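Chemist: Can you read through this structure? Questions will come right after.
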Amino acid sequence: MDDGAVSRAATAEAGAAPPLLAARGVSKAYGGVHAVEDVTLEFPAGTVTAVVGDNGAGKTTLIKILAGVIQPDEGHLEVDGRAVRFPTPAAARAIGIETVHQDLSLADHRDVVENLFIGREVARGSGPMGLLDKRRMQQETIRVLDELNVMIPSVRQQVRRLSGGQRQAIAIGRAVHWGSRILIMDEPMAALGLQEAKRVSELVAALAARGLTQIIVSHNLDHVFRLSTRIAVMRLGRLAGLRETERTNHEEIVRMVAGLASAPAAESRHGAAAG
Ligand SMILES: Nc1ncnc2c1ncn2[C@@H]1O[C@H](COP(=O)(O)OP(=O)(O)O)[C@@H](O)[C@H]1O
Ligand SMILES: [Mg+2]
Numbered sequence: 012m013d014d015g016a017v018s019r020a021a022t023a024e025a026g027a028a029p030p031l032l033a034a035r036g037v038s039k040a041y042g043g044v045h046a047v048e049d050v051t052l053e054f055p056a057g058t059v060t061a062v063v064g065d066n067g068a069g070k071t072t073l074i075k076i077l078a079g080v081i082q083p084d085e086g087h088l089e090v091d092g093r094a095v096r097f098p099t100p101a102a103a104r105a106i107g108i109e110t111v112h113q114d115l116s117l118a119d120h121r122d123v124v125e126n127l128f129i130g131r132e133v134a135r136g137s138g139p140m141g142l143l144d145k146r147r148m149q150q151e152t153i154r155v156l157d158e159l160n161v162m163i164p165s166v167r168q169q170v171r172r173l174s175g176g177q178r179q180a181i182a183i184g185r186a187v188h189w190g191s192r193i194l195i196m197d198e199p200m201a202a203l204g205l206q207e208a209k210r211v212s213e214l215v216a217a218l219a220a221r222g223l224t225q226i227i228v229s230h231n232l233d234h235v236f237r238l239s240t241r242i243a244v245m246r247l248g249r250l251a252g253l254r255e256t257e258r259t260n261h262e263e264i265v266r267m268v269a270g271l272a273s274a275p276a277a278e279s280r281h282g283a284a285a286g
């Protein structure tokens, strides 16, 4: 008999679809530094997972593994329950995983339209940017930004002239435009003022309401608790814990980030350690 078929049937009966994306035992070392160490983490469809942790905890390295920017030394990724390899970011993008990296990867001296379509012209089979293509791309850019409620004076403006929040919004807009399945963002609010951070968090909430699966690295626990459905805590390269956002609180997450035991038994263990 086919054991695989039996287990698949059992899974279907239990109503548990495989997670949209999963990391299984992924590790990545740089010299002696274990940037990411044996991390297993599932990202079910429709969830918004916040990834938190101190500087150097391995958040960005994990994101880069999920995005195909770097390859894990060990472990693998799964999409819809199937093992996959993303040898390049393009491979991740090809199945609908878009990532807004910490540096945004915008071309500062290009305008908003060019930034939305950069590197995609060939994929769309439209050749070098001709006049007709340009008009079509401009209309598409305006549509995308309108839809996301992003206000930019002109889509023909060079992105270096825009504010941090506008630049962030364009990077997100580009990712949303091309990424059909998962949006990954590394510190999307970090460099922004209060108002701009608020706009970006509204954008995240709107995308979540549409059911878009998101993974968001953030330092800001207020944003994390407002926007996420679950919180993954990284510490020293390892996954220190995963919590449903509704079933945890700031204090527990802060303790997990700091490496303090979060279970109720924490006090007695602390007492034993001190003795
Ligand atoms: N390209 C690299 N070369 C060497 N060390 C790196 C590199 N990228 C990350 N690291 C190290 O790996 C650890 C995790 O870094 P990172 O993933 O950027 O953490 P975080 O995003 O949580 O701040 C840190 O100690 C960092 O110095
Ligand atoms: Mg980082």
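Residue numbering for the sequence shown follows this note's numbering, starting at 12 and increasing by one per position. Every residue, glycine too, gets a C-beta built ideally from N, C-alpha and C. Bear in mind the structure is a predicted one, so any value in this text is a computation, not a measurement.
Answer yes or no: the CB of Asp65 versus the heavy atoms of ligand 4, is any distance below 8 Å?
Modeler: In the structure shown, ligand 4 is absent; the only ligands present are ligand 1 and ligand 2.
Chemist: Mind checking which residues open and close the beta strand (DSSP E) that includes Val37?
Modeler: By one-based count along the sequence shown, residue 37 stands at place 26. First-last of the beta strand (DSSP E) with Val37: 32 to 41.
Chemist: Return helix, strand or coil for Arg237, following the three-state DSSP convention.
Modeler: The sequence position of residue 237 within the sequence shown is 226, counting from 1. Note: Arg237 maps to helix in three-state DSSP.
Chemist: Specify the secondary structure class of Ile181 as computed by DSSP and reduced to three states.
Modeler: By one-based count along the sequence shown, residue 181 stands at place 170. Three-state result, Ile181: helix.
Chemist: Across the stretch 37 to 50 and the stretch 73 to 90, are there enough close Cβ pairs to call them in contact, namely three or more that are closer than 8 Å?
Modeler: yes
Chemist: Taking any heavy atom of ligand 2 as the mark, which residues have a C-beta closer than 7 Å to it, listed down the chain?
Modeler: Lys70, Thr71, Gln113, Asp197, Glu198, Val228
Chemist: Is the beta carbon of Gly79 less than 9 Å from the beta carbon of Ala103?
Modeler: Taking the first residue of the sequence shown as position 1, residue 79 is located at position 68. Taking the first residue of the sequence shown as position 1, residue 103 is located at position 92. Result yes, Cβ atoms of Gly79 and Ala103 sit closer than 9 Å.
Chemist: For Ile129, name the three-state secondary structure that DSSP assigns.
Modeler: As a first step, residue 129 must be located in the sequence shown, where it is residue number 118. In this structure, Ile129 counts as coil in the three-state DSSP scheme.
Chemist: Applying the 10 Å Cβ sphere with the 16-neighbour rule, what's the burial state of Ala251?
Modeler: Against the sequence shown, residue 251 aligns to sequence position 240. Buried, because 16 or more other Cβ atoms sit within 10 Å of the Cβ of Ala251.
Chemist: Comparing alpha-carbon positions, which option in Thr51, Asp65, Arg258, Val59 lies nearest Ile76?
Modeler: Along the sequence shown, one-based indexing puts residue 76 at 65. Nearest C-alpha to Ile76: Thr51.
Chemist: Assess contact between the stretch 171 to 185 and the stretch 58 to 73, defined as three or more Cβ pairs (one per stretch) separated by less than 8 Å. Is contact present?
Modeler: no
Chemist: Rounded to whole angstroms, what's the CA-CA distance from Ala94 to Arg192? Just pull it up for me.
Modeler: Here residue 94 refers to the residue found at position 83 when the sequence shown is read from its first residue. Here residue 192 refers to the residue found at position 181 when the sequence shown is read from its first residue. Taking the straight line from one Cα to the other gives about 17 Å.
Chemist: Say the cut is 8 Å; is the CB of Leu73 nearer than that to a heavy atom of ligand 1?
Modeler: Along the sequence shown, read from residue 1 onward, the residue named residue 73 stands at position 62. For ligand 1, at least one heavy atom lies less than 8 Å from the Cβ of Leu73.
Chemist: Among all the DSSP beta bridges, which residues are the ones paired with Asp122?
Modeler: Working through the sequence shown from its first residue, we reach residue 122 at position 111. Beta-bridge pairing links Asp122 to Gln169.
Chemist: Assign Ala208 to one of three DSSP states: helix, strand, or coil.
Modeler: In the sequence shown, residue 208 corresponds to position 197, counting from 1. Correct three-state label for Ala208: helix.
Chemist: Assuming Gly175 and Ala217 form a contact by the criterion Cβ under 8 Å, report the distance between their Cβ atoms to the nearest whole angstrom.
Modeler: If you number the sequence shown from 1, residue 175 lands on position 164. If you number the sequence shown from 1, residue 217 lands on position 206. No, Gly175 and Ala217 are not in contact; Cβ-Cβ is about 20 Å, not under 8 Å.
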